[in-house]
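Structure first, then comments.
In the numbering used here, the protein residues as written are 13 to 175.
Structure representation (structure tokens):
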């Protein structure tokens, strides 16, 4: 097994075990936390930025501080909700199901992060490297990339939705 294949295997195993240990509810709320924090920060940073601008003479710095503030508040608030939900699920007695579903989500997360990494590496000169060329896993990931991610429309075209 090549070094790159070993790294990919360990990376996916890490995320799978991490998902198992955290559980489905924690993994799901983590995803929702990040999504909500990015959404609210990107769409509503201008509201506190106007007030921050009274104390800081730069609108760019005000925007950045407002973005970071909203991001942190939203992330912490939703993390607390996720923690409470996770404790409730364990209290009710669904901890085994929570762990198994967390393992599946962790596996999917590891595979997705690997796909993103391989996609980004394909955009560089690293794709011509011998390590990359001799890998046993790269044809698998490159096949998924070429089928679903080759253009912005290819994922939706591959679903063959008749809308």
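Note that the Cβ used here is the ideal one computed from N, Cα and C, for glycine as well.
Owing to the predicted nature of the structure, the values given are computational and were not obtained by experimental measurement.
Exercise for review: Please work out which residues of its chain come closer than 6 Å, Cβ to Cβ, to residue 114, disregarding the five sequence neighbours upstream and downstream, and give them in chain order.
Suggested key: 31, 32, 34, 35, 36, 39
Exercise for review: Could you tell me whether the segment 87-96 touches the segment 44-57, using the rule of 3 or more Cβ pairs below 8 Å?
Suggested key: Enough Cβ pairs lie closer than 8 Å, so yes.
Review point. Residues in its own chain within less than 6 Å of residue 101 by CB, not counting five upstream and five downstream?
Key: 37, 110
Review point. Just how far apart, CA to CA, sit residue 121 and residue 20?
Key: 13 Å
**Study point:** Terminal residues of the alpha helix (DSSP H) in which residue 135 lies
**Key:** No alpha helix (DSSP H) contains residue 135, which DSSP labels as neither H nor E.
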